[in-house]
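Colleague: Below is a structure I'd like to ask you about.
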Amino acid sequence: MCVIPKQVRDDDGIFNCHKTDVNSPPITELSDRTRTIFRIVVESYLESGAPVGSRTLSKVGGLNLSPASIRNVMQDLEEAGLLAAPHTSAGRMPTEQGLRLFVDGMMQAAEPTADERRAIESRLEGSGPIESALAAATAALSGLSACAGVVLVPKREAVLRHFSFARLSATQALAIMVGADGSVENRLVEISPSVGDGALAEAGNYISARLSGLTLSEALARLDAEIRGQKAALDTASAELVRKGLALWSLDANDRPVLIVRGQSNLLDETAAADLDRVRQLLDELESTEEIARLIDSAREAQATRIFIGSENNLFSLSGSSVIAAPYRDQEGKIVGVVGVIGPTRLNYARIVPMVDFTAQALSRLMK
(Lines of atoms letter the chains of each structure in order from A and count residues from 1; the text may use other names and numbers.)
(Lines give C-alpha, C1' and ligand atoms only; values in the text may rest on other atoms or scores of the structure.)
Protein backbone atom coordinates (compact mmCIF):
# COMPACT_ATOMS: atom_id res chain seq x y z
CA MET A 1 0.00 0.00 0.00
CA CYS A 2 1.21 3.52 -0.78
CA VAL A 3 1.43 5.86 2.18
CA ILE A 4 -0.49 8.99 1.27
CA PRO A 5 -2.06 11.92 3.14
CA LYS A 6 -5.65 11.41 4.22
CA GLN A 7 -6.88 14.25 2.02
CA VAL A 8 -6.15 12.31 -1.16
CA ARG A 9 -7.13 8.83 -0.06
CA ASP A 10 -10.20 7.13 -1.43
CA ASP A 11 -13.52 6.71 0.34
CA ASP A 12 -12.20 3.78 2.36
CA GLY A 13 -9.14 5.72 3.49
CA ILE A 14 -6.86 3.55 1.38
CA PHE A 15 -4.87 4.69 -1.61
CA ASN A 16 -4.88 1.78 -4.07
CA CYS A 17 -1.89 1.12 -6.29
CA HIS A 18 -1.89 -1.41 -9.11
CA LYS A 19 0.17 -4.36 -7.90
CA THR A 20 1.73 -7.11 -9.92
CA ASP A 21 3.26 -10.43 -8.98
CA VAL A 22 7.02 -10.06 -8.77
CA ASN A 23 9.74 -12.22 -7.32
CA SER A 24 11.23 -9.45 -5.22
CA PRO A 25 11.08 -9.85 -1.42
CA PRO A 26 8.47 -7.98 0.62
CA ILE A 27 9.76 -4.73 2.07
CA THR A 28 9.36 -6.13 5.59
CA GLU A 29 11.96 -8.81 4.86
CA LEU A 30 14.69 -6.23 4.24
CA SER A 31 16.82 -5.09 7.16
CA ASP A 32 16.61 -1.47 8.30
CA ARG A 33 20.04 -0.75 6.79
CA THR A 34 19.11 -2.37 3.48
CA ARG A 35 15.80 -0.50 3.33
CA THR A 36 17.55 2.80 4.01
CA ILE A 37 20.13 2.30 1.27
CA PHE A 38 17.48 1.08 -1.17
CA ARG A 39 15.28 4.12 -0.46
CA ILE A 40 18.17 6.56 -0.92
CA VAL A 41 19.20 4.92 -4.22
CA VAL A 42 15.64 5.09 -5.58
CA GLU A 43 14.98 8.66 -4.44
CA SER A 44 18.34 9.85 -5.81
CA TYR A 45 17.70 8.13 -9.12
CA LEU A 46 14.19 9.55 -9.45
CA GLU A 47 15.58 13.02 -8.78
CA SER A 48 18.66 12.89 -11.05
CA GLY A 49 18.00 10.07 -13.51
CA ALA A 50 21.59 8.88 -12.97
CA PRO A 51 22.79 5.63 -11.37
CA VAL A 52 23.91 6.05 -7.76
CA GLY A 53 27.35 4.87 -6.64
CA SER A 54 28.53 3.61 -3.25
CA ARG A 55 30.92 6.56 -2.82
CA THR A 56 28.02 8.98 -3.22
CA LEU A 57 25.96 7.04 -0.68
CA SER A 58 28.83 6.96 1.83
CA LYS A 59 28.64 10.76 2.02
CA VAL A 60 24.98 10.73 3.00
CA GLY A 61 24.60 11.82 6.61
CA GLY A 62 23.41 9.20 9.08
CA LEU A 63 24.52 6.08 7.19
CA ASN A 64 27.96 5.81 8.83
CA LEU A 65 28.95 3.02 6.44
CA SER A 66 32.05 2.58 4.34
CA PRO A 67 31.80 2.42 0.53
CA ALA A 68 32.72 -1.28 0.77
CA SER A 69 29.84 -2.03 3.16
CA ILE A 70 27.44 -0.08 0.97
CA ARG A 71 28.63 -1.99 -2.10
CA ASN A 72 27.86 -5.28 -0.35
CA VAL A 73 24.32 -4.14 0.45
CA MET A 74 23.80 -2.91 -3.10
CA GLN A 75 25.05 -6.23 -4.43
CA ASP A 76 22.46 -8.02 -2.27
CA LEU A 77 19.75 -5.71 -3.62
CA GLU A 78 20.90 -6.41 -7.16
CA GLU A 79 20.74 -10.16 -6.58
CA ALA A 80 17.21 -9.67 -5.19
CA GLY A 81 16.22 -8.04 -8.48
CA LEU A 82 15.62 -4.60 -6.96
CA LEU A 83 18.67 -2.77 -8.33
CA ALA A 84 20.65 -3.04 -11.55
CA ALA A 85 23.96 -1.71 -12.84
CA PRO A 86 23.63 -0.28 -16.38
CA HIS A 87 27.41 -0.56 -16.83
CA THR A 88 30.11 -2.53 -15.03
CA SER A 89 31.73 0.54 -13.50
CA ALA A 90 28.52 2.49 -12.97
CA GLY A 91 26.42 2.85 -9.85
CA ARG A 92 23.05 1.21 -9.32
CA MET A 93 19.56 2.19 -10.40
CA PRO A 94 16.20 0.63 -9.46
CA THR A 95 14.69 -2.04 -11.67
CA GLU A 96 11.00 -2.00 -12.49
CA GLN A 97 10.51 -4.48 -9.63
CA GLY A 98 12.44 -2.15 -7.37
CA LEU A 99 10.29 0.81 -8.38
CA ARG A 100 7.15 -1.23 -7.74
CA LEU A 101 8.40 -2.20 -4.27
CA PHE A 102 9.27 1.43 -3.51
CA VAL A 103 5.90 2.77 -4.73
CA ASP A 104 3.86 0.14 -2.89
CA GLY A 105 5.81 -0.02 0.37
CA MET A 106 8.03 3.01 0.95
CA MET A 107 6.82 6.07 -0.94
CA GLN A 108 5.68 9.02 1.16
CA ALA A 109 3.29 10.87 -1.14
CA ALA A 110 3.15 14.64 -0.91
CA GLU A 111 -0.18 16.44 -1.03
CA PRO A 112 -0.46 18.84 -4.00
CA THR A 113 0.57 22.37 -3.09
CA ALA A 114 -1.94 25.20 -3.01
CA ASP A 115 -0.45 26.57 -6.25
CA GLU A 116 -0.79 23.19 -7.97
CA ARG A 117 -4.40 22.83 -6.83
CA ARG A 118 -5.22 26.34 -8.03
CA ALA A 119 -3.52 25.69 -11.40
CA ILE A 120 -5.73 22.66 -11.99
CA GLU A 121 -8.98 24.15 -10.69
CA SER A 122 -8.53 27.46 -12.52
CA ARG A 123 -8.33 25.64 -15.85
CA LEU A 124 -11.72 24.08 -15.13
CA GLU A 125 -13.49 27.34 -14.40
CA GLY A 126 -15.43 28.70 -17.34
CA SER A 127 -14.09 26.04 -19.70
CA GLY A 128 -17.45 25.67 -21.49
CA PRO A 129 -18.46 22.22 -22.81
CA ILE A 130 -17.31 19.24 -20.79
CA GLU A 131 -14.83 18.16 -23.48
CA SER A 132 -13.16 21.59 -23.26
CA ALA A 133 -12.95 21.34 -19.48
CA LEU A 134 -11.46 17.87 -19.69
CA ALA A 135 -8.88 19.01 -22.23
CA ALA A 136 -8.02 22.03 -20.05
CA ALA A 137 -7.56 19.89 -16.94
CA THR A 138 -5.39 17.45 -18.88
CA ALA A 139 -3.22 20.27 -20.20
CA ALA A 140 -2.77 21.63 -16.67
CA LEU A 141 -1.86 18.20 -15.31
CA SER A 142 0.56 17.67 -18.17
CA GLY A 143 2.31 20.96 -17.50
CA LEU A 144 2.62 20.39 -13.76
CA SER A 145 3.90 16.82 -14.10
CA ALA A 146 6.12 17.40 -17.18
CA CYS A 147 4.48 14.30 -18.70
CA ALA A 148 1.93 13.65 -21.42
CA GLY A 149 -1.53 14.11 -19.93
CA VAL A 150 -4.40 11.85 -20.98
CA VAL A 151 -8.10 11.81 -20.23
CA LEU A 152 -10.77 9.35 -21.25
CA VAL A 153 -13.89 11.32 -22.12
CA PRO A 154 -17.19 9.88 -20.92
CA LYS A 155 -19.36 8.61 -23.73
CA ARG A 156 -22.53 10.62 -23.51
CA GLU A 157 -24.88 12.17 -26.02
CA ALA A 158 -25.52 15.88 -26.19
CA VAL A 159 -28.87 17.03 -24.82
CA LEU A 160 -30.69 19.47 -27.11
CA ARG A 161 -31.70 22.95 -26.00
CA HIS A 162 -32.00 24.92 -29.22
CA PHE A 163 -31.60 24.16 -32.92
CA SER A 164 -31.66 26.34 -36.03
CA PHE A 165 -30.72 26.35 -39.71
CA ALA A 166 -29.08 29.21 -41.61
CA ARG A 167 -28.94 29.15 -45.41
CA LEU A 168 -25.47 29.52 -46.92
CA SER A 169 -26.32 28.85 -50.57
CA ALA A 170 -28.98 27.22 -52.72
CA THR A 171 -27.66 23.77 -51.80
CA GLN A 172 -26.06 24.26 -48.36
CA ALA A 173 -27.22 25.33 -44.90
CA LEU A 174 -25.52 25.63 -41.51
CA ALA A 175 -27.13 23.55 -38.77
CA ILE A 176 -26.55 25.17 -35.36
CA MET A 177 -27.11 23.17 -32.18
CA VAL A 178 -27.04 24.59 -28.65
CA GLY A 179 -26.67 21.89 -26.00
CA ALA A 180 -28.14 21.88 -22.51
CA ASP A 181 -24.61 22.41 -21.16
CA GLY A 182 -24.28 25.66 -23.14
CA SER A 183 -22.11 24.19 -25.88
CA VAL A 184 -22.63 25.50 -29.42
CA GLU A 185 -21.72 23.39 -32.45
CA ASN A 186 -22.15 23.94 -36.18
CA ARG A 187 -22.39 21.44 -39.02
CA LEU A 188 -22.73 21.89 -42.78
CA VAL A 189 -25.90 20.33 -44.25
CA GLU A 190 -26.56 19.62 -47.93
CA ILE A 191 -30.10 20.69 -48.90
CA SER A 192 -32.25 20.55 -52.02
CA PRO A 193 -32.49 23.80 -54.03
CA SER A 194 -36.27 23.51 -53.66
CA VAL A 195 -36.08 23.90 -49.85
CA GLY A 196 -37.23 27.42 -48.96
CA ASP A 197 -36.34 29.60 -46.01
CA GLY A 198 -39.71 28.77 -44.49
CA ALA A 199 -38.85 25.07 -44.34
CA LEU A 200 -35.50 25.87 -42.68
CA ALA A 201 -37.22 27.99 -40.01
CA GLU A 202 -39.97 25.41 -39.48
CA ALA A 203 -37.46 22.59 -39.00
CA GLY A 204 -35.42 24.58 -36.45
CA ASN A 205 -38.52 25.67 -34.54
CA TYR A 206 -39.85 22.10 -34.40
CA ILE A 207 -36.62 20.75 -32.91
CA SER A 208 -36.38 23.57 -30.35
CA ALA A 209 -40.03 23.33 -29.30
CA ARG A 210 -40.73 19.59 -29.48
CA LEU A 211 -37.38 17.90 -28.94
CA SER A 212 -35.62 20.17 -26.46
CA GLY A 213 -34.36 18.31 -23.39
CA LEU A 214 -33.84 15.05 -25.28
CA THR A 215 -30.63 13.35 -26.35
CA LEU A 216 -29.99 13.01 -30.07
CA SER A 217 -31.09 9.38 -30.19
CA GLU A 218 -34.21 10.17 -28.13
CA ALA A 219 -35.02 13.09 -30.44
CA LEU A 220 -34.71 10.92 -33.55
CA ALA A 221 -36.92 8.23 -31.99
CA ARG A 222 -39.61 10.77 -31.06
CA LEU A 223 -39.50 12.35 -34.53
CA ASP A 224 -40.02 8.97 -36.20
CA ALA A 225 -42.85 8.12 -33.77
CA GLU A 226 -44.64 11.44 -34.38
CA ILE A 227 -44.28 11.10 -38.15
CA ARG A 228 -45.69 7.56 -38.03
CA GLY A 229 -48.54 8.73 -35.82
CA GLN A 230 -49.05 11.77 -38.04
CA LYS A 231 -48.55 14.04 -35.03
CA ALA A 232 -45.61 15.94 -36.49
CA ALA A 233 -46.81 19.29 -37.85
CA LEU A 234 -44.12 19.25 -40.53
CA ASP A 235 -44.21 19.07 -44.28
CA THR A 236 -42.03 16.50 -46.05
CA ALA A 237 -39.15 18.91 -46.69
CA SER A 238 -39.01 20.14 -43.10
CA ALA A 239 -39.25 16.61 -41.67
CA GLU A 240 -36.32 15.52 -43.84
CA LEU A 241 -34.31 18.52 -42.65
CA VAL A 242 -34.97 17.65 -39.00
CA ARG A 243 -33.96 14.05 -39.50
CA LYS A 244 -30.83 15.00 -41.46
CA GLY A 245 -29.77 17.59 -38.87
CA LEU A 246 -30.17 15.23 -35.91
CA ALA A 247 -28.48 12.36 -37.75
CA LEU A 248 -25.42 14.54 -38.41
CA TRP A 249 -24.67 14.84 -34.70
CA SER A 250 -25.61 11.25 -33.89
CA LEU A 251 -23.09 9.90 -36.41
CA ASP A 252 -20.48 12.42 -35.31
CA ALA A 253 -20.88 11.46 -31.64
CA ASN A 254 -20.26 7.79 -32.46
CA ASP A 255 -17.07 8.64 -34.37
CA ARG A 256 -15.77 11.22 -31.90
CA PRO A 257 -12.49 10.14 -30.23
CA VAL A 258 -12.89 9.31 -26.56
CA LEU A 259 -9.26 9.98 -25.64
CA ILE A 260 -7.63 13.39 -25.28
CA VAL A 261 -3.81 13.52 -25.14
CA ARG A 262 -1.97 16.73 -24.23
CA GLY A 263 1.66 17.72 -23.63
CA GLN A 264 3.61 15.19 -25.68
CA SER A 265 6.28 17.90 -26.08
CA ASN A 266 6.97 17.67 -22.33
CA LEU A 267 8.62 14.33 -23.00
CA LEU A 268 11.33 16.10 -25.00
CA ASP A 269 13.07 17.66 -22.00
CA GLU A 270 16.78 18.15 -21.35
CA THR A 271 17.19 14.49 -20.41
CA ALA A 272 15.65 13.23 -23.67
CA ALA A 273 18.87 13.73 -25.67
CA ALA A 274 20.54 10.96 -23.68
CA ASP A 275 17.70 8.53 -24.42
CA LEU A 276 16.31 9.52 -27.81
CA ASP A 277 15.40 5.97 -28.87
CA ARG A 278 13.18 5.52 -25.82
CA VAL A 279 11.52 8.91 -26.31
CA ARG A 280 10.88 8.21 -30.01
CA GLN A 281 9.37 4.85 -29.09
CA LEU A 282 7.12 6.49 -26.49
CA LEU A 283 5.94 9.15 -28.94
CA ASP A 284 5.13 6.39 -31.43
CA GLU A 285 3.19 4.53 -28.76
CA LEU A 286 1.19 7.66 -27.94
CA GLU A 287 -0.20 7.52 -31.48
CA SER A 288 -2.02 4.28 -30.56
CA THR A 289 -4.99 6.13 -29.10
CA GLU A 290 -7.31 3.13 -29.18
CA GLU A 291 -4.87 0.96 -27.21
CA ILE A 292 -4.11 3.78 -24.78
CA ALA A 293 -7.83 4.27 -24.22
CA ARG A 294 -8.17 0.57 -23.43
CA LEU A 295 -5.24 0.73 -20.98
CA ILE A 296 -6.43 3.91 -19.26
CA ASP A 297 -9.96 2.53 -19.08
CA SER A 298 -8.68 -0.42 -17.04
CA ALA A 299 -8.17 2.02 -14.13
CA ARG A 300 -11.97 1.83 -13.67
CA GLU A 301 -11.56 -1.67 -12.24
CA ALA A 302 -9.57 -0.51 -9.21
CA GLN A 303 -12.00 2.28 -8.29
CA ALA A 304 -8.94 4.42 -7.44
CA THR A 305 -5.56 5.51 -8.78
CA ARG A 306 -3.52 2.85 -10.58
CA ILE A 307 0.18 2.89 -11.36
CA PHE A 308 1.60 0.86 -14.24
CA ILE A 309 5.41 0.72 -14.28
CA GLY A 310 7.27 -0.20 -17.46
CA SER A 311 6.57 -3.69 -18.72
CA GLU A 312 3.59 -4.11 -16.36
CA ASN A 313 1.62 -2.96 -19.40
CA ASN A 314 2.34 -4.33 -22.86
CA LEU A 315 1.67 -1.08 -24.70
CA PHE A 316 4.56 0.85 -23.12
CA SER A 317 6.90 -2.07 -22.45
CA LEU A 318 9.25 -1.14 -25.31
CA SER A 319 9.75 2.44 -24.19
CA GLY A 320 9.86 1.53 -20.50
CA SER A 321 7.26 4.13 -19.57
CA SER A 322 4.94 4.51 -16.61
CA VAL A 323 1.24 5.34 -16.48
CA ILE A 324 -0.56 6.89 -13.50
CA ALA A 325 -4.34 7.02 -13.91
CA ALA A 326 -7.34 7.75 -11.69
CA PRO A 327 -11.08 7.49 -12.42
CA TYR A 328 -13.53 10.37 -12.04
CA ARG A 329 -17.25 10.13 -11.36
CA ASP A 330 -20.56 11.74 -12.27
CA GLN A 331 -23.14 13.19 -9.89
CA GLU A 332 -24.46 9.72 -9.10
CA GLY A 333 -21.00 8.46 -8.10
CA LYS A 334 -20.65 6.33 -11.21
CA ILE A 335 -17.21 6.17 -12.83
CA VAL A 336 -17.52 7.87 -16.22
CA GLY A 337 -13.91 8.49 -17.27
CA VAL A 338 -10.23 8.30 -16.35
CA VAL A 339 -7.51 10.96 -16.20
CA GLY A 340 -3.77 10.41 -15.93
CA VAL A 341 -0.23 10.95 -17.15
CA ILE A 342 2.27 8.97 -19.20
CA GLY A 343 6.01 9.48 -18.86
CA PRO A 344 9.34 7.76 -18.22
CA THR A 345 9.63 5.31 -15.32
CA ARG A 346 11.84 7.92 -13.65
CA LEU A 347 8.85 9.93 -12.40
CA ASN A 348 8.47 11.78 -9.15
CA TYR A 349 5.75 9.32 -8.10
CA ALA A 350 5.37 10.85 -4.61
CA ARG A 351 4.37 14.19 -6.17
CA ILE A 352 2.56 13.09 -9.34
CA VAL A 353 0.37 10.29 -7.93
CA PRO A 354 -1.60 12.57 -5.56
CA MET A 355 -1.67 15.27 -8.26
CA VAL A 356 -3.45 12.87 -10.62
CA ASP A 357 -5.77 11.85 -7.81
CA PHE A 358 -6.59 15.51 -7.08
CA THR A 359 -7.32 16.17 -10.77
CA ALA A 360 -9.72 13.21 -10.80
CA GLN A 361 -11.48 14.62 -7.72
CA ALA A 362 -11.72 18.06 -9.38
CA LEU A 363 -13.25 16.52 -12.50
CA SER A 364 -15.72 14.57 -10.33
CA ARG A 365 -16.84 17.85 -8.73
CA LEU A 366 -17.20 19.38 -12.20
CA MET A 367 -19.45 16.53 -13.34
CA LYS A 368 -21.91 17.15 -10.49
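If you're matching positions, the sequence shown starts at 38 in the working numbering and goes up one per residue. Yeah, the Cβ is synthetic: ideal placement off N, Cα and C, and Gly gets one too.
How would you write the range of the alpha helix (DSSP H) that proline 364 sits in, first residue to last?
Modeller: Note, proline 364: premise wrong, no alpha helix (DSSP H); beta strand (DSSP E) at 358–366.
Colleague: What is the rounded straight-line gap between the Cα of alanine 176 and the Cα of glutamine 301?
Modeller: Approximately 10 Å, taken between the alpha carbons.
Colleague: In its own chain, which residues sit with a C-beta less than 7 Å from the C-beta of valine 295, not counting the 5 before and 5 after it?
Modeller: Leu189, Val190, Lys192, Ala330.
Colleague: Tell me whether threonine 252 sits in a helix, a strand or coil according to DSSP, three-state version.
Modeller: It is a strand residue.
Colleague: Could you give the C-beta distance for serine 81 and isoleucine 107, rounded to a whole number, given that I count them as a contact under 8 Å?
Modeller: With a Cβ gap of about 13 Å, serine 81 and isoleucine 107 do not count as contacting.
Colleague: Do you know offhand how far isoleucine 379's Cα is from valine 187's?
Modeller: Approximately 7 Å between the Cα atoms of the pair.
Colleague: Can you say whether serine 401 is buried or exposed, counting buried as having 16 or more other CB atoms within 10 angstroms of its CB?
Modeller: Serine 401 comes out buried.
Colleague: Per DSSP, what kind of secondary structure is asparagine 223 in: helix, strand or coil?
Modeller: The answer is strand: DSSP assigns asparagine 223 an E or B state.
Colleague: Just how far apart, CA to CA, sit glutamate 222 and phenylalanine 75?
Modeller: Approximately 55 Å between the Cα atoms of the pair.
Colleague: Hey, could you find the ends of the beta strand (DSSP E) glutamine 209 is sitting in?
Modeller: Counting along the chain, the beta strand (DSSP E) containing glutamine 209 begins and ends at 209–216.
Colleague: Under DSSP, the alpha helix (DSSP H) around phenylalanine 139 begins and ends at which residues?
Modeller: Phenylalanine 139 -> alpha helix (DSSP H) spans 133–142.
Colleague: Please state the DSSP three-state secondary structure of valine 190.
Modeller: Coil.
Colleague: If arginine 366 and methionine 404 are in contact, beta carbons under 8 Å, what's the gap, nearest whole angstrom?
Modeller: Their Cβ separation, rounded to whole angstroms, is 7 Å, which keeps arginine 366 and methionine 404 in contact under 8 Å.
Colleague: Tell whether a beta-carbon distance below 8 Å holds between glycine 216 and valine 196.
Modeller: Closer than 8 Å, so yes.
Colleague: Which residues in the same chain have their Cβ closer than 8 Å to the Cβ of glutamate 277, if we skip the five residues on either side of it in sequence?
Modeller: Cβ neighbours of glutamate 277 beyond the five flanking positions: none.
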